[in-house]
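All remarks here apply to the structure that follows.
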Amino acid sequence: EPEVTQTPSHQVTQMGQEVILRCVPISNHLYFYWYRQILGQKVEFLVSFYNNEISEKSEIFDDQFSVERPDGSNFTLKIRSTKLEDSAMYFCASSDGQGAYGYTFGSGTRLTVV
Amino acid sequence: GQSLEQPSEVTAVEGAIVQINCTYQTSGFYGLSWYQQHDGGAPTFLSYNALDGLEETGRFSSFLSRSDSYGYLLLQELQMKDSASYFCASYGGATNKLIFGTGTLLAVQP
């Protein structure tokens, strides 16, 4: 079964550093998403991406965040100048746009900011 | 704002039936999805209701009432491996994003 792949699985970074989280969506999917889950809390929508541009972003997705699809397979989330409160699990998801059934999540990157 | 509320914890015994409720206030609502999450791993899709009524998938069933802005997930013949967090999520909006509920931690006891 096709998978969404995320790397690294765990990243530790110092406050103020930049991090890039990487995702390889399912190959024939057209819609890409990033979600965040702070430990013990609900999953929160960050951003959606379609046709090589951001289609929607939440109020969490401020200027320290950016997304990019640098080539035909990767989808990245960059966090500039990380803060302690950015520590969370970050999930990438992709969708074929055909409905809720076609939505697939990756296994996540656990980001720890120290 | 958009919100989906769930009970924080539910406890049940093996073999029993448990219902997890979800009440929502969202815009651009297409339907209600349910996800299972073990120990902070990837949310795994369980079920989706686009229309009012009951959807059955094996031991899991899900119900939606749009007029009441309410849905539930029903788990039958509970097994120990069903111990996990369960999230409802509204699906829709211009970009088909998911807005997740507060989550319910289900503990299945022997």
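As given, the protein sequences belong to chains A and B, one line each in that order.
Note that the numbering used here has the first sequence beginning at 1, numbered continuously upward.
Note that the numbering used here has the second sequence beginning at 115, numbered continuously upward.
For each residue, glycine too, the CB sits at the ideal point set by N, CA and C.
- DSSP, read as helix, strand or coil, puts B:G206 in strand.
- About 15 Å separates the Cβ atoms of B:T140 and B:S181, ruling out a contact at the 8 Å cut-off.
- Per the coordinates, the alpha-carbon of B:R173 lies some 21 Å from the alpha-carbon of B:A156.
- Within chain B, no residue has its beta carbon less than 7 Å from that of A:K78; the closest one is some 20 Å off.
- Within chain B, the C-beta atoms nearer than 7 Å to that of A:V43 come from P157, F201, F214, in chain order.
- When the beta-carbon positions are compared, A:T76 and A:H10 stay at least 9 Å from each other.
- B:A198 has a beta carbon lying at 9 Å or more from every beta carbon in chain A.
- Using a Cβ-Cβ cut-off of 9 Å, B:T125 does not count as an interface residue toward chain A, since no Cβ of chain A sits closer than that to its own.
- Along the stretch 49–68 of chain A, the positions whose C-beta sits under 8 Å from a C-beta of chain B are Y50, S55, E56, read in chain order.
- DSSP lists no bridge partner for B:K195.
- For the stretch 130–160 of chain B, the beta-carbon criterion of a distance under 7 Å to any beta-carbon of chain A is satisfied by G145, S147, G154, G155, A156, P157, F159.
- If you ignore the 5 residues before and after B:E128, its C-beta comes within less than 8 Å of the C-beta of L192, Q193, M194, V222, Q223, P224, all in its own chain and listed in chain order.
- Within chain A, the C-beta atoms nearer than 7 Å to that of B:G217 come from K42, in chain order.
- Shown in chain order are the members of the stretch 89–105 of chain A whose Cβ falls below 7 Å from a Cβ of chain B: M89, F91, S95, G97, A100, Y101, Y103, F105.
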